[in-house]
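For reference, the structure is listed below as structure tokens.
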């Protein structure tokens, strides 16, 4: 099950605008087939999204979908740096209930 961690660094004063973009598209992402988790987090100058998808096909469909295209278009003018998107595989260790999504 692929895990995605995407970091969007915003220009000064643009964090709330970026969060509004995510708020408007998150419900559609949650409805996508294979979406197990799509959780948005905010810091002082960034939005970090943690995603978990049922499989690579679901992630591929999300990557080509309207919701992600809307997010990318909505935040494009708000970025202080290019988006950093990492697609990761879980590495279980320690307590199995606490070490993977």
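Numbering (the numbering used here), first residue to last: 78 to 178.
Note that beta-carbon positions come from the ideal geometry of N, C-alpha and C, so glycine has one too.
Being a predicted model, the structure only gives us computed values, none of them experimental.
**Report entry** Expected contact under 8 Å - CB spacing of residue 115 and residue 98 to nearest Å
**Finding:** With 8 Å as the limit, residue 115 and residue 98 do not qualify as a contact, their Cβ atoms being about 14 Å apart.
Report task. Indicate whether the contact test is met: 3 or more Cβ pairs, each with one atom in the segment 99-118 and one in the segment 161-175, closer than 8 Å. Result -> no
**Report entry** Span of the alpha helix (DSSP H) around residue 121
**Finding:** Where residue 121 is concerned, there is no enclosing alpha helix (DSSP H), given that its DSSP letter is neither H nor E.
**Report entry** Three-state secondary structure assigned by DSSP to residue 132
**Finding:** Coil.
Query - Euclidean distance between Cα positions of residue 94 and residue 156 - result: 11 Å
**Report entry** Alpha-carbon to alpha-carbon, residue 123 and residue 129
**Finding:** 20 Å
Report task. Below 7 Å CB to CB, which residues in the same chain sit around residue 85 once its five sequence neighbours on both sides are set aside? Result -> 95, 123, 124, 152, 156, 160
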